[in-house]
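Undergrad: There's a structure below that I have some questions on.
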Amino acid sequence: MSAAEPAPWNFAEPWGARGWITDLDGPVHWIDFGGAGDGPPIVFVHGLGGSHLNWSLIGRALAQGRRAVALDLRGFGLTPGAPRSTSIRANVRLVNNFVNEVVGSPAVLVGNSMGGVISVLQTHNNPETVAGLVLLDPALPPTNVRPDLRVAAMFSTYLMPGLGELSMRLMQSRLSSRQLVHRMHNLVLADPRRADPQLTEASVAMADQRREIPRKEESFLGATRSLLRFLARADRYRQIMAGIAAPVLLISGTEDRLVPIAAARRVAAANPKWDSLFLPGVGHTPQLETPAVVIDAVSNWLARTTTTAGK
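Throughout the sequence shown, residue numbering follows this note's numbering, covering 1 to 311 in sequence.
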């Protein structure tokens with residue numbers, strides 16, 4: 001087990017979490033929601049542009065009869081990225097090291113968006129480390145459904161060498177931290193009015209802190225381009241998902257602008273052993289938009305499927 005030091009920041013403290021730093025081939029920031037018991041621990045894995053704060057509204061409630069922790073992936077939250085790689089492969093290695101060195105036993109991975117892809121790949125590569133898998137609006141292979149035009153334009157820009165970097169620099173220089181947070185809410189929430197006010201303030205404070213992290217734009221674009229390259233290998237991704245033996249719960253919002261609900265329904269139909277839940281009127285981050293619904297769904301699923309998995 002790797003040693004941990006208290007983090008100098010504690011943005012998630014209002015939600016009962018404590019921040020830590022562990023050296024896993026470089027500093028990694030993570031938070032501990034506490035909890036103890038016989039249930040397999042939960043490891044929350046955020047998505048592209050996300051952080052440990054994405055789990056603030058559900059972490060403590062799910063730390064019942066089990067431990068619950070959330071890490072910041074390389075280049076996100078308070079974990080530095082570049083010059084270290086922030087690719088999908090690099091962050092899968094990070095999650096594997098985190099489960100082995102920090103958690104120390106097979107865990108239930110709860111992944112959102114890009115974190116869903118990383119959790120799927122961790123389950124595929126190292127099945128002995130995963131007791132179960134919860135996928136919240138995971139990034140999925142594209143379908144024939146016409147994508148959201150704003151989202152398509154945004155990611156097309158990120159893919160272009162030079163233009164992606166310029167776009168990121170301009171956005172960071174022209175928008176305040178509060179504007180950046182509201183921009184994200186407009187993208188990932190079907191109804192931005194559902195954003196928790198206290199969590200919004202914590203997110204703004206952390207966005208201020210992140211301005212001191214060097215090369216964060218490079219880190220974000222490295223992760224984005226790696227994710228899009230992986231998603232382009234749709235057949236391989238589908239094969240990997242079909243081969244997962246661990247229990248899986250898929251939760252997707254019907255109004256997700258980043259991952260069309262048609263993609264989630266297709267994956268659910270192709271994997272009938274999975275449990276699936278589709279949330280009407282919800283966007284890309286149901287844990288932020290309808291936390292009580294997610295807590296209830298995940299708690300009931302854990303009680304049915306993994307009660308003894310960590311014993």
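Positions of the beta carbon are idealized from the N, C-alpha and C atoms, including for glycine.
1) Return the CA-CA distance between residue 75 and residue 220, expressed in angstroms with no decimal places.
2) Distance check for residue 42 and residue 261, CA to CA, integer angstroms please.
3) Measuring CB to CB, does residue 94 end up less than 8 Å from residue 189?
4) Taking the beta strand (DSSP E) that residue 112 falls in, what are its first and last residues?
5) For residue 289, write down the residues that DSSP places opposite it in a beta bridge.
6) Assuming residue 227 and residue 48 form a contact by the criterion Cβ under 8 Å, report the distance between their Cβ atoms to the nearest whole angstrom.
7) Tell me, which residues are paired with residue 277 by DSSP?
8) Let me make sure I understand the geometry here. Which of 256, 68, 267 has the alpha-carbon closest to that of residue 241?
9) Can you tell me which of the three DSSP states residue 59 falls into?
10) In chain order, which beta strand (DSSP E) runs of at least 3 residues are fully inside the stretch 112-174?
11) Quick one: Cα of residue 71 to Cα of residue 3, how far?
12) What's the call for residue 273, buried or exposed, on a 16-neighbour Cβ count within 10 Å?
13) Quick one: residues in its chain with C-beta nearer than 8 Å to the C-beta of residue 299, no 5 flanking neighbours on either side, listed in chain order?
14) I'd like to know whether the C-beta atoms of residue 137 and residue 259 end up nearer to each other than 8 Å.
15) What separation, rounded to the nearest whole angstrom, lies between the Cα atoms of residue 248 and residue 141?
16) Quick one: give me the first and last residue of the beta strand (DSSP E) that residue 71 is part of.
17) Could you tell me the alpha carbon to alpha carbon distance between residue 204 and residue 223, rounded to whole angstroms?
18) Would residue 199 and residue 51 be called neighbours here (beta carbons separated by less than 8 Å)?
19) Taking its Cβ as the centre, do 16 or more other Cβ atoms sit within 10 Å of residue 77, making it buried, or is it exposed?
20) Taking the DSSP output, what are the residues bridged to residue 210?
21) Thinking just about the alpha-carbon of each residue, which of 156, 86, 134 is nearest to the one in residue 252?
22) Within 10 angstroms of the Cβ of residue 144, are there 16 or more other Cβ atoms? Answer buried if so, exposed if not.
23) Candidates 292, 107, 290, 211: which alpha carbon is nearest residue 80's?
24) Is residue 82 near residue 215, with beta carbons less than 8 Å apart?
25) Measuring only the C-alpha atoms, how far is residue 156 from residue 264?
26) Are the Cβ atoms of residue 107 and residue 129 separated by less than 8 Å?
TA: So, to answer that:
1) 6 Å
2) Per the coordinates, the alpha-carbon of residue 261 lies some 26 Å from the alpha-carbon of residue 42.
3) no
4) 107-113
5) BP columns for residue 289 are empty, so no partner.
6) 6 Å
7) Residue 277 is bridged by DSSP to 251.
8) 267
9) helix
10) 130-138
11) If you take the alpha carbons of residue 71 and residue 3, they lie about 15 Å apart.
12) It counts as exposed.
13) 61, 62, 64
14) yes
15) 18 Å
16) 68-71
17) About 22 Å.
18) no
19) buried
20) According to DSSP, which records beta bridges pairwise, residue 210 is partnered with nothing at all.
21) 134
22) exposed
23) The candidate whose alpha carbon is nearest that of residue 80 is 211.
24) yes
25) 22 Å
26) yes
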